[in-house]
Structure formats: structure tokens, C-alpha cells
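**Q** Residue numbers (the numbering used here), protein chains in the order written: chain A, 1073 to 1393; chain B, 1073 to 1393.
2 protein chains.
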Amino acid sequence: MTIILHHEQIKKLASLNENLIPIIENAFVSLSEGRATTPPIMRLDIPEFHGEADVKTAYIKGLDSFAIKIALGFFNNPSIGLPSSNGLMILFDSKTGALKAVLLDQGYLTDIRTAIAGAIASKHLANLEVSNVGIIGVGMQAQLQLQALMLVRKPTNAFIWGRNKGKTSIYIDAMKNKLNINFHQCLNIEELCEKCEIIITTTPSKEPLIKDEWLKKGMHITAMGSDAEHKNELDPRIIKSCNLYVPDKQSQTNVLGELHHAIKKEIVDKNKKFKELGEIIKNPNLGRQTKNDITVCDLTGTGVQDTAIARHTYDIANSNI
Amino acid sequence: MTIILHHEQIKKLASLNENLIPIIENAFVSLSEGRATTPPIMRLDIPEFHGEADVKTAYIKGLDSFAIKIALGFFNNPSIGLPSSNGLMILFDSKTGALKAVLLDQGYLTDIRTAIAGAIASKHLANLEVSNVGIIGVGMQAQLQLQALMLVRKPTNAFIWGRNKGKTSIYIDAMKNKLNINFHQCLNIEELCEKCEIIITTTPSKEPLIKDEWLKKGMHITAMGSDAEHKNELDPRIIKSCNLYVPDKQSQTNVLGELHHAIKKEIVDKNKKFKELGEIIKNPNLGRQTKNDITVCDLTGTGVQDTAIARHTYDIANSNI
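#1: Bridge partners for MET1114 of chain B per DSSP, in chain order?
#2: Suppose only complete runs of 3+ residues qualify. What are the beta strand (DSSP E) ranges in the stretch 1127-1153 of chain A, listed by chain order?
#3: Can you give the Cα-Cα distance for PRO1150 of chain A and LEU1116 of chain A, rounded to whole angstroms?
#4: Using alpha carbons as the reference points, say which of B:ASN1390, B:ASP1165 and B:HIS1196 lies closest to GLY1350 of chain B.
#5: Apart from the five residues just before and just after ASN1315 of chain A, which ones in its own chain have a Cβ nearer than 6 Å to its Cβ?
#6: Compute the Euclidean distance between the alpha carbons of ILE1113 of chain B and ARG1235 of chain A, then round it to the nearest angstrom.
#7: Flag this pair as touching only if the stretch 1084-1091 of chain B and the stretch 1210-1230 of chain B have three or more C-beta atom pairs under 8 Å; answer yes or no.
#8: Under 7 Å between beta-carbons, which chain A residues line up against LYS1167 of chain B? List them in chain order, please.
#9: Have a look at the DSSP bridge pairing and note the partners of MET1161 of chain B.
#10: Would you list, in sequence order, the uninterrupted alpha helix (DSSP H) runs of no fewer than 4 residues that lie entirely inside the stretch 1191-1232 of chain A?
#11: Could you say which of B:ILE1242, B:ILE1096, B:ILE1162 and B:GLU1262 lies nearest to ARG1185 of chain B if we only look at CA atoms?
#12: Throw me the rounded Cβ distance for the ALA1143 of chain B and GLY1159 of chain B pair, which I believe falls under 8 Å.
#13: For ARG1107 of chain B and PRO1094 of chain B, what's the separation of their Cα atoms in angstroms?
#14: When DSSP labels each residue in this structure, what does ASP1341 of chain B get in the three-state scheme?
#15: Please report the straight-line C-alpha distance between ASP1387 of chain A and ALA1380 of chain A, rounded to a whole angstrom.
#16: Just list the residues that DSSP pairs CYS1369 of chain B with in beta bridges.
#17: Please check the pair SER1104 of chain B and LYS1354 of chain B, which I expect to be a contact at CB under 8 Å, by giving their CB distance rounded to whole angstroms.
#18: Just tell me which of A:ASN1252, A:LEU1251 and A:ASN1229 has its CA closest to the CA of CYS1258 of chain A.
#19: Grab me the residues of ALA1130 of chain B's own chain with a C-beta within less than 6 Å of its C-beta, minus the 5 sequence neighbours each way, in chain order.
#20: Run through chain A and tell me which residues come within less than 8 Å of ASN1074 of chain B, C-beta to C-beta.
#21: Beta-carbon of TYR1131 of chain B versus every beta-carbon of chain C: anything under 8 Å?
#22: Which residue or residues does DSSP assign as beta-bridge partners of ALA1108 of chain B?
#23: On the three-state DSSP scale, how would you describe GLN1324 of chain A?
#24: Looking at chain A, is there any beta carbon in it that lies within less than 8 Å of the beta carbon of ARG1115 of chain B?
#25: Can you check whether the CB of THR1168 of chain B is closer than 8 Å to the CB of GLY1209 of chain B?
#26: Going by the beta-carbon positions, is the gap between HIS1292 of chain A and SER1203 of chain A smaller than 8 Å?
#27: Are the CB atoms of LYS1449 of chain B and ILE1335 of chain B nearer to each other than 8 Å?
#28: Would a C-beta distance cut-off of 8 Å place ASP1299 of chain B and LEU1281 of chain B closer than the cut-off?
#29: Any beta carbon of chain B sitting closer than 8 Å to that of ALA1380 of chain A?
#30: Which residues in the same chain have their Cβ closer than 7 Å to the Cβ of ILE1082 of chain B, if we skip the five residues on either side of it in sequence?
#31: Buried or exposed, going by whether 16 or more other CB atoms sit within 10 Å of the CB of LEU1331 of chain B?
#32: With the cut-off set at 8 Å, would you say ASN1284 of chain A and SER1241 of chain A are in Cβ contact?
#33: At the 8 Å Cβ level, is PRO1036 of chain B part of the contact set with chain A, yes or no?
#34: Which residues mark the beginning and the end of the beta strand (DSSP E) in which GLN1257 of chain A is found?
#35: Just to confirm before moving on: does the CB-CB distance between ASP1183 of chain A and LEU1218 of chain A stay below 8 Å?
#36: Per the DSSP calculation, LEU1077 of chain B is bridged to which residue(s)?
Encoded structure:
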């Protein structure tokens, strides 16, 4: 029988918590070990309405189900009072193709699995002792990435930069109610880079936000905003000058992520092979070598995360019946 | 609000009837006029279980909704008493990406829109006066293609060939209850070709079934079985020797259809441009020129058909509420 779960039910079943970390870590490991089949993302553009639909999927060998995820982004929606993101996930039986569940999550599970990927990046790449974390952007992911980071590190200060000062203040007020740390609004990104040991970029920016000359020893950056060719949050020189660049899935960051821009500008050779996040999770010796290393994680979002979170949500729903 | 429709409801709402013909014709016309955005098919293979998932989509400019269709084929299923096909369609609002409907049709709507495409092919390409129709294959499409053909032509005899004689007899018994024509079981395909003016091939064959030397003047063939690189129902020489070869979508038949094999064997130049079914629907002068022409239609299945039938089903459901 097919289970159909609605947004409110899913939010209750799958909240942002530390139990999700090993689930998403395992997904990254399966990807990097070649145990996952992940066709290229399908993308449908509807330029008249500034809209797009993306389809991702992954089958992880040995697992009894796999998900297909449809994510919608319609960027005129906020002007008519609707959220720009929407979506659903569908879970299928790996042996028979039977429809196990339709998860009408409106994009919620994507938000959660993306935030957990950010936490995993910092867990495995950032220094253990962190006082100051910087968040660039003030949208949904800016909230969730900071909440997820608190599952793996205990900073005392959060420095926030947003393009719009009013929205940045609203963000800070909202987050003060959720997290017991000190919040500071930065006037510019350079100031944020000076102060922070971990920086998470969460914007759809088309121009680099962090300059290469603002890097500091020991810093870790997670860039999670870019999931399309034209998006770019980091100065492409950073990919070369950092000590360790880690893609979630290099075949994807080659064409969609921060790496893509470094390759395009011929700063990084297109054939250079980097260790993926899953390889570092599996073998921590491949990660940060010294306290002074500068590390960068480039997250473009992968189908294995979708399959993992859809399976997890289905399992909880099933155990509650 | 999202409407969720189950298989039994959908079967009642959208039956195989002549009203669907103009709906699917319009879809083909939009495709050939370049008014449709149709990303390449996404395909996930699960070889351990002889399974595959295909995702198709199309946005037709000017229409207020578009569908994404997921089709599953798990070919070990019959051995455990399950159907090999499954699937669902999801309908989205073109302006906002809002989820309008989840159609849990188990592949039914794909079956219907595929059969209607076959009817459209014969309607526009076959001679008007037809006595004998040949069906190769005895599966679901062998049934539906013949039923759909009866909407556009009035043959008096149906000649059937199936690899398995027992299944062919079962097919004929079942169809006798549905259609008021005479049924004949053929011993081989050559005999079927000798007798019939319209032939519809409906198999997943990997080797050509119809030989070039069996073609007859005035014949029309619809080959609808091939939707993957390795499938092949027609001798590739037929693509060259027929008077008119018509693909549903040439960018697809170049790589998945009967044309693909003719190109691979260098029988047809890979740059040769054929008129698509939508162009002939729009301009019948481009179709059959004489009663003696041999015409071939190569159907690989397109996302515009899915969007059209999903929209139609949604509209009926909505008007019934």
C-alpha cells in the first residue's frame, strides 16, 4: 500500500536533529564508494514565469527502496505571497518498483537534508574549537544551516550578513528565539571573514561574495548556495588557494558548483580529482591536516541525500502506524 | 489544493475514446512547432532486479500546467505475480509550481496516451480503406493499440502474431469479447505481412521482426515497442526503403527508436531530417502521397503526451467535483 504523507505530518516525523547526521553521512559514503547510481539531474525551465523544476534520484545498491525527488523553484512567487520553493519526494521499492510513499513535503525534506549536509561538512572539516561562525544570507537555509551547525560545534557568536538590512534584523530576531548564542549583524562580508572561523554561504548569488584575500588561517567555508551553472558565491581563486577543497559530488561541482567557475577561469585544471565528502567521512585522515589549514566544502545537493531522507521519513511513519 | 487520484478513479475518468485524439494531436503539434520544452528522459537502471525508472516531462508554452511522469518497468515482477509496469504522473501549475494533482495511475495513463498515439499515426498515414490489420505482440499495448485503431479505421480482420502460441490464443479470446471483427492467429510474421495493410508492432524485441522484403505497396507500419537503445522491431533497411518515415520526436528516435538502428548501421545518414508526426497532423499534405506509398511511424513516447493526458484527467476530475 502506498503511504501518502502531507507537509505537516512530515514536519512532525522528520525534524532537524542529530539522528539525521549518520543517515546522510552514510549516503555520502555510498556515493563516493561508487555504490550509488545517480543519473544526471533533469531540469525543466519555464522562463516566462521565472520557474524551474529539477528532478534528482539515486539508487543505493543493497537498499530496499529509492527516491525520486522533484524540486520546484518559482522565483516570482514571493511577489504574490507564495514561497518560491516547492516539491515532493516519491519512494519506490527497489525490487518491484512498487510505490511505497508519496511525501508531499513542499521541499521541507530537501531543506533538512541540505542543512544536515552542511553540519557534516563542518563536523569533518572545521577545527573542533570554534568561537565565531559567520552566516552569509538570511533565507531559510541561513536559519537551518546555523541550527544544524549547532549539532556539531558550539560557537558562542554568530555573525550575520544579508544584502537587505531589514531582513537581516528580522533573521537575527527570529534566531535569537531558537539558539542560545550571541548574534551580530555585519556591515560587510570582509568584516564577517575577519571575525569567523566557520563561514557558511547560503545565497543564490551570481557574483562571488568572499574574496580570496579575505581567507584566514584555520578557516572553514561551506558554500551551499550554488546549484546551477550561473550561481557563484566564492572567488574562484579560493578553490586553488585553500588547503583542501571538498566537493559533495565532483561530477556535479565540475559543472554546477564553485569548482565550475574555477575550472572555467582556468584557475583549476578540469581533470584535477578532489576527494569527495564521502571519502573524508569514511577516512578522516584525508581531511584537515593542521589547525591552520583552510578548508572549503562545495555542496550542490545530491540524489543520495534525497533517497536517504525519504527512506528515513518512511521508516518513522511506518513504525508509528 | 492538491488532488490525489487513485488508479480505479483514473480508469473511470479517462477511458480510451475518440475525445483523446485531438488532445494528443495538439500535443504532437506543439512539439513539432517548437512550443514545447522537453528535457531528455531521465533514466535510472537497477540491473540487480531487472528494473528501470524513466522520468519524462514537457512544458507546453501557454498552458497553465505541466506534468512530470515517472514510469517504472521491473521485468522480474511477472514471475512473482505482479505487473511489470507501474508509475504515476504529477501535475504542476506552470505559473507557481504549485502541485495540482498526483495521479497514481500505475502506468494506466501512459498505456492510454501511447495507444492514442498509435491511432493518430494510422489516422494520418494509413490508407482510408483497410480490411486487414496485423498486430505483433500480445501484451497490454497489443490490446490497446487495436482498440484505439478502431477509433480511426474499420478493418474487418485482425491478424495476430505472438511469440507464445498459448498467450496469443488468450489474447484473441479476450479481444473477441471487446471488438466485433474477425481474429486470425498467424503462424509467422511473414504471413501477417502478406495479409495486412496496417501493421502495429508492440513488442520489446531486441531483433528486427519485420523484414524489408516483406513490405507491400500501400502498407502502413506503426512501430511502438522500442523506447530504449537496444530495442528494435523493424529491419533497419525499412527506414530507407519506405516512402515516408515519420518519427514522433526525431531527437529521440535518433537515439532510442527504429531510426537509431538505421543510423547505426549507416543505412540512413545521421543528419537526415524527417517530418515529425506533429508536422503531418498540422499539414496533411506532407503525409502519404499515393495509395501505394509505404509509410512507417516510429513512436518512442514523448513528455508532451504525458502533459496532455495528465491535464485532461485533471480537468475531468475537477469538473466532477
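By construction, the Cβ of each residue, glycine as well, lies at the ideal position given by its N, Cα and C atoms.
**A** This is what the structure holds:
#1: Bridge partners of MET1114 of chain B: B:VAL1127.
#2: Scanning the stretch 1127-1153 of chain A for uninterrupted beta strand (DSSP E) segments of 3 residues or longer gives 1137-1146, listed from N- to C-terminal end.
#3: Rounded to whole angstroms, PRO1150 of chain A to LEU1116 of chain A spans 20 Å at the Cα level.
#4: Taking only the C-alpha atoms, the option nearest GLY1350 of chain B is B:HIS1196.
#5: Listed in chain order, the non-local C-beta contacts of ASN1315 of chain A below 6 Å within the same chain comprise ASP1365 and ILE1366, local neighbours out to five positions each way being set aside.
#6: In a straight line, the C-alpha of ILE1113 of chain B is about 38 Å away from that of ARG1235 of chain A.
#7: The stretch 1084-1091 of chain B, when compared against the stretch 1210-1230 of chain B, does touch it at the 8 Å Cβ threshold.
#8: Neighbours of LYS1167 of chain B on chain A, chain order: PHE1121.
#9: DSSP lists B:LYS1141 and B:LEU1175 as partners of MET1161 of chain B.
#10: As far as the stretch 1191-1232 of chain A is concerned, its whole alpha helix (DSSP H) runs of at least 4 residues are 1212-1221.
#11: ARG1185 of chain B has its Cα closest to that of B:ILE1096, out of B:ILE1242, B:ILE1096, B:ILE1162 and B:GLU1262.
#12: Confirmed, about 4 Å.
#13: Cα to Cα, the separation comes out at about 17 Å.
#14: Coil.
#15: Approximately 11 Å between the Cα atoms of the pair.
#16: The partner list for CYS1369 of chain B (beta bridge, DSSP) reads B:THR1294 and B:VAL1318.
#17: Confirmed, Cβ separation roughly 7 Å.
#18: Among A:ASN1252, A:LEU1251 and A:ASN1229, the Cα nearest to that of CYS1258 of chain A is on A:ASN1229.
#19: Excluding sequence positions up to five before and after ALA1130 of chain B, its CB lies within less than 6 Å of the CB of ALA1108, THR1110, GLY1375, VAL1376 and THR1379, all in the same chain and listed in chain order.
#20: Here the sequence assigns Thr to residue 1074 of chain B, which means Asn is not the residue at that position. Result: LEU1176.
#21: In the displayed structure, chain C is absent; the protein chains listed are A and B.
#22: Answer is B:ILE1132.
#23: Correct three-state label for GLN1324 of chain A: helix.
#24: So yes, ARG1115 of chain B belongs to the interface.
#25: It is not a contact, given that the beta carbons lie outside the stated cut-off.
#26: One thing to note: HIS1292 of chain A has its Cβ no nearer than 8 Å to the Cβ of SER1203 of chain A.
#27: An answer regarding residue 1449 of chain B cannot be provided, because it is not within the stretch 1073 to 1393 covered by chain B.
#28: Their beta carbons are not under 8 Å apart, which means ASP1299 of chain B does not touch LEU1281 of chain B by this criterion.
#29: Not an interface residue.
#30: Excluding residues within five positions, the ones whose Cβ falls inside 7 Å are LEU1175, ASP1177, TYR1180, LEU1181 and THR1385.
#31: Classification for LEU1331 of chain B: buried.
#32: Checking the sequence shown, residue 1284 of chain A turns out to be Asp, not Asn. It is not a contact, given that the beta carbons lie outside the stated cut-off.
#33: Lying outside 1073 to 1393, the shown extent of chain B, residue 1036 of chain B is not represented and no answer is given.
#34: Where GLN1257 of chain A is concerned, the enclosing beta strand (DSSP E) stretches over 1254-1257.
#35: Taking 8 Å as the cut-off, the beta carbon of ASP1183 of chain A is found no closer than this to the beta carbon of LEU1218 of chain A.
#36: Its beta-bridge partners are B:LEU1175.
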